[in-house]
Structures are given as structure tokens and as C-alpha cells.
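Colleague: Residue numbers (the numbering used here): 757 to 870.
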């Protein structure tokens with residue numbers, strides 16, 4: 757599902773968005789890149805997509821330190837693109853290391869231009 761570069765600024769009803777997400781059980785690709793004003797809450801949507809292989813969140817307005825615990829459930833993830841944001845780090849070192857051991861299929865983590 758490629759929703760990149762559509763000037764999406766958020767979700768009108770976050771709870772309804774999450775309900776929809778639980779129905780997309782076979783989704784392999786979700787690209788929200790270049791929607792510059794989604795912000796840090798967008799990372800939490802990842803917890804509903806266990807089947808994803810690609811999650812694109814480049815230039816989505818991620819700022820500061822971010823939580824990665826919601827991405828932990830995405831065991832099939834091969835590519836996580838967090839590039840071109842303003843990420844300064846990750847909230848919890850132990851959380852980040854736990855993520856690294858859980859995402860055994862991850863081939864690319866793009867943090868460039870942060």
C-alpha cells in the first residue's frame with residue numbers, strides 16, 4: 757500500500773485507523789514516506805502490521821527520541837526506512853537492543869539524513 761507523497765497530515769480518527777489496520781493481515785508493504793506532518797505517533801501504527809516486510813516512514817516528521825517498541829511485533833520486517841526526519845535517538849537503549857534481536861529478518865534500517 758503506497759501512500760507516499762500525498763500530503764497526509766494525520767488520521768482523522770486514530771482508533772478507526774487501527775481497526776482498519778487489524779483487517780489488513782496480509783499487507784507486505786506500507787509506505788507513508790514524504791507525508792511530512794505525520795509525526796511521532798505514526799510509529800505506533802506498526803504494531804498492527806505483523807506481516808509487513810517494508811515500512812517506509814521517510815520524511816514523515818519524526819522528531820527527537822522515538823520509541824521502537826511498537827515495531828517489535830513486526831517480525832517479518834525486512835526494510836525499515838526512517839530516513840530524512842529529525843530523529844536524535846531512541847528512548848530506551850534496552851528497548852532498542854531487544855528490537856535488534858527480535859527483527860531477525862531485518863536487512864536494512866535506513867537512518868540517513870537525521
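Beta carbons are placed, not taken as given, at the ideal position from N, Cα and C, and that holds for glycine.
Considering only residues of the region 832–867, which uninterrupted beta strand (DSSP E) runs meet the minimum length of 3 residues and lie entirely inside it, listed in chain order?
Modeller: Fully enclosed beta strand (DSSP E) runs of 3 or longer: 835–837, 842–846 and 864–866.
Colleague: Could you work out which residue in 812, 775, 794 and 788 is closest to residue 804 when comparing CA atoms only?
Modeller: Position 48 of the chain shown, counted from the first residue, corresponds to residue 804. Out of 812, 775, 794 and 788, 775 has the C-alpha closest to the C-alpha of residue 804.
Colleague: By Cβ distance below 7 Å, which residues in the same chain neighbour residue 815 in space, the five residues on each side in sequence not counted?
Modeller: Residue 815 sits at position 59 when you count from the first residue of the chain shown. Only 789, 790, 792, 840 and 841 meet the Cβ criterion.
Colleague: Does any CB atom of chain B fall closer than 7 Å to the CB of residue 763?
Modeller: Annotation note: the requested chain B is absent from the structure, which comprises a single protein chain.
Colleague: Rounded to a whole number of angstroms, what is the C-alpha to C-alpha distance between residue 851 and residue 761?
Modeller: For the purposes of this step, residue 851 is taken as the residue at position 95 of the chain shown. For the purposes of this step, residue 761 is taken as the residue at position 5 of the chain shown. Approximately 30 Å, taken between the alpha carbons.
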